[in-house]
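Asker:
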């Protein structure tokens, strides 16, 4: 094997090791299990209920507020 071939082989192995270590580190940071991959806390049920009511209530009400605003703007001419 030539010098260039050995060098590429060494760099290839090194790159593979670095990549596999990075993947292992990323996987090790997060806890496994249901509810741990969500952006909100699921253990505290009253807080979850309040958060869901606030979020879903706001998202449901927003189109009605927009329609009322547009109708008021139109009738104000």
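Numbering (the working numbering), first residue to last: 2 to 78. Heads up, the beta-carbon is just placed ideally off N, CA and C, and yes, glycines get one too.
(1) Rounded to a whole number of angstroms, what is the C-alpha to C-alpha distance between residue 67 and residue 48?
(2) Return helix, strand or coil for residue 44, following the three-state DSSP convention.
(3) What number of angstroms, rounded off, separates the C-alpha of residue 59 from the C-alpha of residue 72?
(4) Can you give the beta carbon distance from residue 52 to residue 41, rounded, assuming they're within the 8 Å contact cut?
(5) Beta-carbon within less than 6 Å of residue 36's beta-carbon, same chain only, minus the 5 sequence neighbours each way: which residues are those?
(6) Report the three-state DSSP secondary structure of residue 3 (helix, strand or coil).
Answerer: So, from the data block:
(1) 28 Å
(2) coil
(3) 20 Å
(4) 6 Å
(5) 43
(6) coil
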